[in-house]
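*Asks:*
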Amino acid sequence: MNIFFRNKMTAATLAAAFADIAAQFDGELYFDDSPLHEAQKRVYATDASVYQELPVAVALPKTVADIRALILFANRHGLTLIPRAAGTSLAGQVVGAGVVVDISKYFNKVLEVNQQERWVRVQPGVIRDDLNAYLRPYGLMFGPETSTASRAMIGGMIGNNSSGLHSIVWGDTRDHLLSASVLLSDGTATAFTALSADEVAAKGAQDNLEGTIYRNLQQLLGNAENRALIRENYPKHTLTRRNTGYALDMLLAEAAAGVVAGAAELNLCNILAGSEGTLAFVTEAKLNLIPLPPKEEGLICIHCHSLQEALQANLVALRHQPMASELVDDYIMGFTKGHPVYQFNRFFIEGEPAALLMVEFMAASQEEITAKAEALVAELKAAGLGYAYPLIRGAQTKLAWDVRKAGLGLIRNLPGDSQPVNLIEDCAVSPEDLPAYIADLQLILDKYKLSASYYAHAGAGELHVEPMINLKTSEGKALFRTVLHETALLVKKYNGSLSGEHGDGRLRGEFIPTVLGKEVYGLLKQVKQTFDPNGVFNAHKIVDTPPMNEALRYEADKQIIPVETLFDFSRQEGILRLAEKCSGSGDCRKTHVTGGTMCPSYMATRQEKDTTRARANILRQFLTNSEKENRFDHQEIKEVMDLCLSCKACKSECPSSVDVAKMKAEFLQHYYDANGVSPRTWLIGHFTKSQQLASFFPPLYNFMVKNNFTSKLVKKVIGFAPERSLPTVGSTTLRSWKKKWDKARKASGESQQAGVKRRQVNLFCDEFTNYNDVEIGKTVVKLLTALGYEVVLPEHLESGRTYLSKGLVRKAKKIANENVQRLSRVVQNDIPLIGIEPSAILTFRDEYLDLVSPELLPAAQELARNSFLLEEFLLREAELGHITPDMFTKKQQLVKLHGHCYQKSLNVLAPTHKILALPENYQVELIPSGCCGMAGSFGYEKEHYEVSMKIGSLVLFPAVQEQAPDTLIAAAGTSCRHQIKDGTQREALHPAEILWQALAKK
């Protein structure tokens, strides 16, 4: 049932009405049944919660006038507006059948900073971490810090009253919200700020909605019986995380009672914070700032034998006034093992602790950190708590904290349908009650034979407890409700809060009467009715919520026929399960300011549609619910997949390792099966064949692609951007040159020097180096030879990369099988396979393992173990002492290194950095860029050119352009070098070229 419609409008009538408003709308509006609009609605049907409901429309307003127009439209047509920022809410706050209003794309400006008074004025779409990067030069910061701070936006933080990691010191968002510019439910613009009693009286005298709000609140809080109900039923005052319902207790305690008595002040920001967009629409916020914390930090990781031991250690830690005290259980730690990224973050873990308590101190000096740590450890040892207490300092603390912050995503790696659910994860009690509360909670979970993960904010009295429940069954849906109901009773027992920082939404709202009492719940409904009598703002959240176990992502007991795939998805239990692993935590929504590679298209467009999350979600929806025989045959999936660059960053940077590049390739092959392959796709896939043909007539081909007239014609026919330069072919192929070079060396006797025993290496002659980057290939051969190796070019096919990039998976599978059979005969542990182009050689360690026929898998695995990037091989030889710094020049040289996406994804960029620094006076600095934006053919295609260049312009292009002419730019990827040339007019060099130039004796 669509609970948001309050009239009988037909879909056609509503679409016509939306079309009318769209004509005057400066932003973007998606409402009809076209594939793009349907795709947009589907990707906004979920957040990071377990809920899913298709909105009637999606709006991305560009101006305050746009938002006001939506409010008036909603009033006229009986709709509700669902404000949305990053969409990382865990209680379904931004899911519903209304109009989703996403402020993240256009309302993202920092408007004003007052350094002296320590405040900043921002729009609600500003990201918390990006804001603090902006404020750093001022020596200031915004304190509240959620685990999602790299993408959490101020508007969403206000809505949930977010607090986060350091809340025991820096407080929550309400503590720092000075004032807010808002639109009321009738479209009136006003500001919520601190008002004196006289100012409140003047507001209440107004004959409008704002006046009604102030009058009704005064009456509600002026009633002695109401005040008594609030004091008796809201959480105890020692609990700082207290977001159950609307914050009437905060109004009462801080201002309202005084105003009624004719004193003090009232600030409606206190009730706005935590209201989940149900009372007013925030268009600006003025935030209090705090000084940057001390520069020195230390993190004590207390290893405990049990969860209860860690909770007792937490009480000891709090006596030492830490900045944070956070818990991580063995469940989360287990999922870091073997993870592409987080396996490297567990360096500090000793043995197999049942729980870690991570206690942070900050101070002006390391001596102070040491003193604080030693005092804490001494008390812990005296109490018999913990068995190991490593102290992590400096930059390494971030690696450890990242394990804690990634908890939500990491636990989604659990196999099977019983998955961790956000249900009771936000319940909070006073820290002194936490050990007893958790012990009682475990009795509830044990009663239903449920395991759970425990992590997060022990210092604030809030552990994120996530039980494993199968929501795909009727039994699981019923259990989902039962566990929350019994936990709500437990929270009431400890006078705690049903919601600490994640909000009530549609998840916990149903049980607010259980915790606060029916009378107080009635007061909350009065507040909603006062602010929003027509239900324009996020209806049916907090109050009057639908049943909490309805409108879930999964239909109970639905039988799903397994999807047959060309890739082997068995390790992920099938492609559907891989898509389902997306928790919605939104790590893919971070920007270039935070860094990393995932997700380059989102960084450029700031569209939810272009996130890893959206791609996983739309695949999940259609693979689950499509009635077509070919469930991939949907234009909506293609719309969402379109800007995926297949950079593979999601495979490593997503805590749940949702490999969208692999899923996109699989999708495209099935989509082609139903709709055919376009000429351009066919041509790009068969790039090697075209370059092979061109290699017979290099001068003619190069003239065609370099001449202004003919190249424009070629690009127009193919569908490439006219601004792009096209790759040329070498005057010979690398294979042809190598045969001649070997013959010449043999004739001169150079290859048969007496007493010289050379180690043999197999050089993978990839399709790009063989035809286009021939000079680089020659340099690699010469470099390896000069360093004492015998280079062999074994017989093999192309890598298959061009086919994979365009989703021609069947062809790539044949190539993979053939290459494994051929190369397995010659590649051995002592005769490895070395590659020049990352996207080609790393295919052996990635896609081939999921592509080859089952009988070839052992051979493919052995081949993967013996396949290396050139830089990896050289570094390994250097570490063995076979290559030394004295072989290279002693000249000083600055090298700026841009890493290929696959190097980052497979964690093999460090060898490039290290080997380039082998010449003793070479200074190598990593450009903090993500994807360059070219991504094979993506950047050539006319419809993708603008996005491609925008991605490059975020970090890479400016970083290259600011370098002195004598600085060397290094990039291993052929696409990366091409993009750098087109975007900056600078020539980037392959690392082999730099090392060859640096070689002392050639």
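Counting along the sequence shown from 1, when you hit position 782 you're at 1321 in the numbering used here, and nothing is skipped either side. Using N, Cα and C, we set each Cβ at its ideal position, and we do this for glycine too. Since the structure is predicted, the reported quantities are computational estimates derived from the model, not experimental observations.
Does the distance from the C-beta atom of Pro1458 to that of Ala1537 stay below 7 Å?
*Replies:* yes
*Asks:* Would you kindly check if the distance between the Cβ of Gly837 and the Cβ of Phe900 is under 7 Å?
*Replies:* Yes, they are a contact pair.
*Asks:* Here's the rule I'm using: 16 or more other beta-carbon atoms within 10 Å means buried, otherwise exposed. How should His1421 be labelled?
*Replies:* exposed
*Asks:* Report yes if the C-beta distance between Asp605 and Arg623 is below 7 Å; otherwise report no.
*Replies:* The Cβ atoms of Asp605 and Arg623 do not sit closer than 7 Å to each other.
*Asks:* Which term fits Tyr870, buried or exposed, when burial requires 16 or more other beta carbons within 10 angstroms of its beta carbon?
*Replies:* buried
*Asks:* Quick one: what's Asn827 bridged to in DSSP?
*Replies:* According to the DSSP secondary-structure assignment, Asn827 is paired through a beta bridge with Trp658.
*Asks:* Within the continuous alpha helix (DSSP H) that includes Phe570, where are the two ends?
*Replies:* Unbroken run through Phe570: none, as it is neither H nor E.
*Asks:* Here's the rule I'm using: 16 or more other beta-carbon atoms within 10 Å means buried, otherwise exposed. How should Thr1423 be labelled?
*Replies:* Result: exposed.
*Asks:* Determine the burial state of Glu891: buried for a count of at least 16 other Cβ atoms within 10 Å of its Cβ, exposed for fewer.
*Replies:* exposed
*Asks:* From Gly1015 to Ile1375, what does the alpha carbon distance come to, in whole angstroms?
*Replies:* 51 Å
*Asks:* Which runs of the beta strand (DSSP E), 3 residues or longer, sit entirely within the segment 1288-1357?
*Replies:* Whole beta strand (DSSP E) segments, 3+ residues: 1298-1303, 1328-1331.
*Asks:* Report the three-state DSSP secondary structure of Arg623 (helix, strand or coil).
*Replies:* Reduced to three states, the DSSP call for Arg623 is strand.
*Asks:* Give me the residue from Glu1485, His1483, Phe731, Val1499 with the minimum Cα distance to Ser1468.
*Replies:* Val1499
*Asks:* Taking the runs of the beta strand (DSSP E) that are 3 residues or longer, which of them lie wholly in the segment 1411-1444?
*Replies:* 1432-1437
*Asks:* Could you have a look at Ala893 and say whether DSSP puts it in helix, strand or coil?
*Replies:* coil
*Asks:* What does the alpha-carbon distance come out to for the pair Gln1174 and Gln579?
*Replies:* Those two C-alpha atoms are separated by around 12 Å.
*Asks:* For the pair the segment 676-694 and the segment 821-828, tell me if three or more CB-CB distances fall below 8 Å.
*Replies:* yes
*Asks:* Going by DSSP, which residues form a beta bridge with Pro774?
*Replies:* Per DSSP, none; premise fails for Pro774.
*Asks:* I'd like the list of long-range same chain contacts for Asp1425, defined as Cβ closer than 8 Å, with 5 residues on each side in sequence excluded.
*Replies:* Ala1539
*Asks:* Compare the beta carbon distance of Leu1063 and Gly784 with 7 Å and say whether it is the shorter of the two.
*Replies:* Against a cut-off of 7 Å, the Cβ pair of Gly784 and Leu1063 comes out as a contact.
*Asks:* Give the secondary structure of Gln1367 by DSSP, where H, G and I count as helix, E and B as strand, and everything else as coil.
*Replies:* strand
*Asks:* Once you ignore the five residues that flank Val1359 on each side, which residues in its own chain have a CB closer than 8 Å to its CB?
*Replies:* Tyr1387, Val1391, Leu1395, Ala1398, Ala1399, Leu1402
*Asks:* CA-CA distance, Lys1177 and Arg1152?
*Replies:* 15 Å
*Asks:* Output the boundary residues of the alpha helix (DSSP H) element that contains Ile1373.
*Replies:* Note, Ile1373: premise wrong, no alpha helix (DSSP H); beta strand (DSSP E) at 1372-1374.
*Asks:* What residues are listed by DSSP as bridge partners for Glu899?
*Replies:* Per DSSP, Leu838, Ala863.
*Asks:* Where does Ile1508 sit, in a helix, a strand or coil, going by DSSP?
*Replies:* strand
*Asks:* With C-beta atoms as the reference, is Asp1096 less than 7 Å away from Ser1165?
*Replies:* no
*Asks:* How far does the alpha helix (DSSP H) with Phe731 in it extend, from its first residue to its last?
*Replies:* Taken as a continuous stretch (DSSP letters only), Phe731 belongs to no alpha helix (DSSP H), being part of the beta strand (DSSP E) at 728-731.
*Asks:* Run the CB neighbour count on Leu1239, radius 10 Å, all protein chains shown included, and call it buried at 16 or more, exposed below.
*Replies:* exposed
*Asks:* Below 7 Å CB to CB, which residues in the same chain sit around Ala903 once its five sequence neighbours on both sides are set aside?
*Replies:* Pro833, Glu835
*Asks:* Taking contact to mean 3 or more Cβ pairs, one atom from each stretch, closer than 8 Å, check whether the segment 1475-1494 and the segment 1250-1265 are in contact.
*Replies:* yes
*Asks:* Determine the extent of the beta strand (DSSP E) in which Asn952 is found, giving its start and end residues.
*Replies:* Careful: Asn952 lies outside any beta strand (DSSP E) and carries neither H nor E.
*Asks:* One question on the structure: do Ala1027 and Val1054 come within less than 7 Å of each other, judged by their Cβ atoms?
*Replies:* Going by beta carbons, Ala1027 and Val1054 fall inside the 7 Å limit.
*Asks:* Give me, in chain order, the residues of the same chain whose beta-carbon lies closer than 6 Å to that of Asp1149; leave out the 5 immediate sequence neighbours on both sides.
*Replies:* Ser1140, Tyr1141, Leu1182
*Asks:* Rounded to a whole number of angstroms, what is the C-alpha to C-alpha distance between Gln1098 and Arg660?
*Replies:* 51 Å
*Asks:* Just verifying my parser: in three-state terms, what is the DSSP assignment at Tyr1569?
*Replies:* Nothing about residue 1569 can be read from this structure; the chain reaches only from 540 to 1541.
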